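Engineer:
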Amino acid sequence: MTRIYFSEDHEWVSVDADGLATIGITDHAQQALGDIVFVELPAPGRNVAPKEAVAVVESVKAASDVYAPLTGMVVEHNEALTKDPALINQEPEGTAWLFKLRLSDAGELTGLLDRAGYDAFLASAS
Amino acid sequence: MVEFAGYEMPLQFAGIMAEHNACRTGAALFDVSHMGQAEIADTAAFERLVPSDITGLKPGRQRYTLLLNTSGGIIDDLMVANFGGRVVAVLNAGRKAVDVAHMRAHGVAVTPRFERALLALQGPKAVEIFPEGGALKFMDAAELTVEGIALTVTRSGYTGEDGFEIGCEAEYAEHLAGLLLARGAVPAGLGARDSLRLEAGLPLYGNDIGEDTNPVEAGLGFALSKKRLETAGFIGAAAVKAALEKGTARKLVGIKLEGRAPARAHAEVRASGAHVGEVTSGVFAPTLGAPIALAYVHTDFSAPGTALELLVRDKPLTGTVTILPFIPHNYAR
């Protein structure tokens, strides 16, 4: 069964039973960014560490870094977004995932938030 | 909401793309009351601060001009309208205090009316929404009364589209905005204002022009009156004339990029690997569906068609110098 976690950098992480994590930006993040026109995604095979800038999401107005929420190796990125970045505005927490990570240490997940925790974080930040 | 020049401004309402497209195809309404309106009582004194013909500006007409420093640098760019009895300047929000101080230091009698509101109704359907202004042509100015509200109206704007800038006392602004929205204008924010003006090739003070840029290198030669240059009767005249005669080392150019990644302000511009300039404004252009930029480049690399590289996140993006505006202006001439 998959579980969904959230970071305070507005990423979501969905982890399946094999320890494969799918990562995207939250609905809150896409709303804050506005119309997304460009994405730059990490190449498969790249090893990433928490808080490392690994992807860029650009709206009409500004560029925003996406950070790796966990340690691991990129195994795939979402090619569909390269052609149609606006998908992120439409289904940020669904089909418009950014990349998949093979996690090095599933124990790091305890440092992330659950949905209720993320919602509380948003409420406290606004 | 974002902070801009000391004001809390809406970046967007429905979204920058939707608002941008509304302005290109219908009509968008911007609240630009942060800009400073100021009445100039003495145009002869004011004219000594700008390179344009202001004493010759006829009643009912508006003109773009520049406040220049002694080096020919741009203190501000502004619109000056002659409403018959009154001459009114519209100043950039971040510069209005500096402008008034500069004018007064040079003996210009100026009355700030910064409390007045200013609404920009822009787009090909602006005149359908505001038929009261239909008798005006591009850069005409008139005082009108609509629903009992006294308005200063000019047929101009900052989007490249037909449209109006409408000034009124602040207490009536909400009613006026409500009226224009009820007639079908789409509310638009600073984000769309920026993408629209960039597509239209219009410089933004503080980004593309400033005290360290002169009108010649900024491509604002149209604001220089031949007659005023001949008499050299304005601050900065010698520097501007020298720039015209000798040319400038750099020029502000438009650049269209390949791919989808925008190059933002301060991105380095290279030609065949060598540094030749810097981006001053950049955006993903919604109408073109491509990234565009304004940049100062060495004059040798400023000709349309010149291939350039723009450095974004340490990677060179390919761009081409493009004639401005990026999209044709659609003014009611």
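Quick mapping for you: the protein sequence lines, in order, are chains A and B.
Reminder that position 33 of the first sequence reads as 50 in the working numbering, one-by-one numbering, no gaps.
Reminder that position 178 of the second sequence reads as 253 in the working numbering, one-by-one numbering, no gaps.
Cβ coordinates follow ideal geometry from the N, Cα and C atoms, glycine included.
A quick note: this is a predicted structure, and the numbers were derived from the prediction, not measured.
Of all the CB atoms in chain A, is at least one closer than 8 Å to the CB of residue 262(B)?
Structural biologist: No, because no Cβ of chain A sits closer than 8 Å to the Cβ of residue 262(B).
Engineer: When the cut-off is 8 Å and only beta carbons count, does residue 162(B) lie next to chain A?
Structural biologist: Residue 162(B) does not count as touching chain A.
Engineer: Residues of the segment 42–64 of chain A with a CB closer than 9 Å to any CB of chain B: list them in chain order, please.
Structural biologist: Going along the segment 42–64 of chain A in chain order, one finds 51, 52, 54, 55, 56 and 57 with a Cβ nearer than 9 Å to chain B.
Engineer: If you measure from the beta carbon of residue 92(B) to each beta carbon in chain A, is any gap under 8 Å?
Structural biologist: Output row for residue 92(B): interface = yes.
Engineer: Is the CB-CB distance between residue 76(B) and residue 137(B) below 8 Å?
Structural biologist: Cβ atoms of residue 76(B) and residue 137(B): not closer than 8 Å.
Engineer: With a 10 Å radius around its C-beta and 16 neighbouring C-beta atoms as the bar for buried, classify residue 174(B) as buried or exposed.
Structural biologist: With 16 or more Cβ atoms within 10 Å of its Cβ, residue 174(B) is classed as buried.
Engineer: Using a Cβ cut-off of 8 Å, pull out every chain B residue sitting near residue 80(A), in sequence order please.
Structural biologist: 337 and 339, listed in chain order.
Engineer: Using the Cα positions of residue 132(B) and residue 162(B), report the straight-line distance between them to the nearest angstrom.
Structural biologist: In a straight line, the C-alpha of residue 132(B) is about 9 Å away from that of residue 162(B).
Engineer: Would you call residue 168(B) buried or exposed, if buried means 16 or more other Cβ atoms sit within 10 Å of its Cβ?
Structural biologist: Its Cβ being crowded by 16 or more others within 10 Å, residue 168(B) is buried.
Engineer: Mind listing the chain B neighbours of residue 71(A)? Cutoff is C-beta to C-beta under 8 Å, in chain order.
Structural biologist: What residue 71(A) touches in chain B: nothing, since even the nearest Cβ is about 12 Å away.
Engineer: DSSP puts residue 98(B) in a beta bridge; with which residues?
Structural biologist: According to DSSP, which records beta bridges pairwise, residue 98(B) is partnered with nothing at all.
Engineer: What is the rounded straight-line gap between the Cα of residue 217(B) and the Cα of residue 322(B)?
Structural biologist: Residue 217(B) and residue 322(B): Cα-Cα distance of roughly 38 Å.
Engineer: Leaving out five residues on either side along the sequence, give the residues of the same chain with a beta carbon under 6 Å from the beta carbon of residue 31(A).
Structural biologist: Result list for residue 31(A): 19, 21 and 39, in chain order.
Engineer: With 16 other CB atoms within 10 Å as the buried threshold, where does residue 206(B) fall?
Structural biologist: Exposed, by the Cβ-count rule.
Engineer: Restricting to Cα atoms, I'd like to know which of 398(B), 255(B) and 301(B) is closest to residue 204(B).
Structural biologist: Among 398(B), 255(B) and 301(B), the Cα nearest to that of residue 204(B) belongs to 255(B).
Engineer: For the beta strand (DSSP E) containing residue 83(B), name the first residue and the last one.
Structural biologist: Residues 82–84.
Engineer: Interface residues of chain B around residue 74(A) at Cβ under 7 Å?
Structural biologist: In chain order: nothing, as chain B lies at least about 11 Å away.
Engineer: Which residues mark the beginning and the end of the beta strand (DSSP E) in which residue 75(A) is found?
Structural biologist: Residue 75(A) -> beta strand (DSSP E) spans 70–76.
Engineer: Ignoring anything shorter than 3 residues or poking outside the segment 70–126 of chain A, list the beta strand (DSSP E) runs there in chain order.
Structural biologist: Correct list: 70–76, 80–84, 89–94 and 116–120.
Engineer: I'd like to know if residue 91(A) contacts chain B, where contact means its C-beta is closer than 8 Å to some C-beta of that chain.
Structural biologist: By this cut-off, residue 91(A) is not an interface position.
Engineer: Going along the segment 268–296 of chain B in order, which residues come within less than 9 Å of chain A, judged by CB to CB distance?
Structural biologist: Answer set for the segment 268–296 of chain B: 269 and 270.
Engineer: Mapping DSSP to helix, strand and coil, what is residue 213(B)?
Structural biologist: Residue 213(B) falls in the coil class under three-state DSSP.
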